[in-house]
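Asker:
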Amino acid sequence: VDLGVLAEEISTQLKPYIHHRTTKRPFVVLKMAVTLDGRTAAPDGTSMWITGETARKRVQQLRAESDAVLVGAGTVRIDDPQLTVRDVEGESPRRIVLGNVSDSARVNPCTQWHGSLVDLLDELGSQDVLQLLVEGGPTVAAAFHRENLINQYIFHLAPALAGGNDSLPVFENSGIATMSQLWRGQIVSSQQLGDDLELILEPNSAKQESKQ
Numbered sequence: 014v015d016l017g018v019l020a021e022e023i024s025t026q027l028k029p030y031i032h033h034r035t036t037k038r039p040f041v042v043l044k045m046a047v048t049l050d051g052r053t054a055a056p057d058g059t060s061m062w063i064t065g066e067t068a069r070k071r072v073q074q075l076r077a078e079s080d081a082v083l084v085g086a087g088t089v090r091i092d093d094p095q096l097t098v099r100d101v102e103g104e105s106p107r108r109i110v111l112g113n114v115s116d117s118a119r120v121n122p123c124t125q126w127h128g129s130l131v132d133l134l135d136e137l138g139s140q141d142v143l144q145l146l147v148e149g150g151p152t153v154a155a156a157f158h159r160e161n162l163i164n165q166y167i168f169h170l171a172p173a174l175a176g177g178n179d180s181l182p183v184f185e186n187s188g189i190a191t192m193s194q195l196w197r198g199q200i201v202s203s204q205q206l207g208d209d210l211e212l213i214l215e216p217n218s219a220k221q222e223s224k225q
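Start counting the sequence shown at 14; every next residue gets the next number (our numbering).
This is how it looks when you write it as structure tokens:
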């Protein structure tokens with residue numbers, strides 16, 4: 014047994030618990046499937062499927078590791094996801110939607126949230142939600158990113174190109190004005206998922222604080 018590798022795995026598994034104990038909020042993980050030219054959906058909003066089966070199975074694992082999963086109402090209207098755990102062991106997480114959903118949506122039963130993101134995290138933290146997986150589109154992703162609420166970014170990079178200017182970016186309406194505002198993170202892990210590549214980043218706290 015490689016004790017160094019084992020210690021690293023334990024440290025990774027404890028991150029949500031330690032974060033919750035320290036902040037009283039869940040550890041927020043953003044997962045996005047992205048093309049090589051940085052697009053997450055077609056102009057009509059469709060995003061199924063950018064990545065292959067192996068990456069999608071990895072998403073099932075991420076859900077099983079999380080206490081709650083969150084999307085926006087737009088994702089529910091366009092993709093009608095179930096957000097459940099399938100094909101891997103583990104329980105399905107609690108489902109949260111920012112906005113209203115119809116009674117016939119497959120995401121039901123779910124929590125429909127209309128307040129601020131900070132209040133949501135405080136509420137979930139008080140309910141002992143240790144990890145929140147955010148699977149929303151570019152509007153939801155941008156909202157969490159803009160408020161510096163994301164603790165870990167997981168990008169599934171597909172060997173695909175969307176082309177043009179109309180396809181949706183990772184973050185909507187939250188770009189920088191000058192290069193001095195560039196967000197930088199640290200790559201903490203990477204792995205091949207079939208034809209796709211998984212990159213896991215965490216905020217570079219020291220650099221981010223110097224910009225605030």
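Just so it is clear, CB atoms sit at the ideal spot from N, CA and C, and this is done for glycine as well.
For Gly198, which three-state DSSP category applies?
Answerer: Strand.
Asker: Quick check: the Cα distance between Val120 and Val89, rounded to an integer number of angstroms?
Answerer: Answer to the nearest angstrom: the Cα atoms are 7 Å apart.
Asker: Under 8 Å by Cβ, that's how I've got Ala68 and Leu181 pegged, so tell me the actual separation to the nearest angstrom.
Answerer: Rounded, the Cβ-Cβ distance is 18 Å, inconsistent with contact.
Asker: Rounded to a whole number of angstroms, what is the C-alpha to C-alpha distance between Ile109 and Ile167?
Answerer: Near 19 Å, if we compare the C-alpha coordinates of Ile167 and Ile109.
Asker: Apply the 10 Å Cβ neighbour rule to Gln165 and answer buried if 16 or more other Cβ atoms are within range, or exposed otherwise.
Answerer: Under this definition Gln165 is a buried residue.
Asker: May I ask which residues mark the beginning and end of the alpha helix (DSSP H) holding Pro151?
Answerer: Counting along the chain, the alpha helix (DSSP H) containing Pro151 begins and ends at Pro151 to Arg159.
Asker: Please go through the same chain and pick out, in chain order, the residues whose beta-carbon is closer than 7 Å to the beta-carbon of Val72, but skip the five residues on each side of it.
Answerer: Counting only Cβ-Cβ distances below 7 Å, and skipping sequence neighbours, we find Lys44.
Asker: Of the choices Gln205, Ala171, Asp179 and Gln199, whose alpha-carbon is the least far from that of Thr64?
Answerer: The shortest Cα separation from Thr64 among Gln205, Ala171, Asp179 and Gln199 belongs to Ala171.
Asker: Helix or strand or just coil, what does DSSP make of Ala274?
Answerer: The question about residue 274 has no answer here: the residues shown for the chain are numbered 14 through 225.
Asker: Does the distance from the C-beta atom of Glu237 to that of Leu134 stay below 7 Å?
Answerer: Outside the modelled stretch of the chain, which goes from 14 to 225, sits residue 237, for which no answer is possible.
Asker: Identify every run of the beta strand (DSSP E) within the stretch 91-177, keeping only runs that are complete inside it and at least 3 residues long; order them along the chain.
Answerer: Whole beta strand (DSSP E) segments, 3+ residues: 107-111, 124-126, 144-147 and 165-170.
Asker: Do three or more CB pairs link the stretch 78-87 to the stretch 144-152 at distances below 8 Å?
Answerer: Counting Cβ pairs under 8 Å, three or more are found: they touch.
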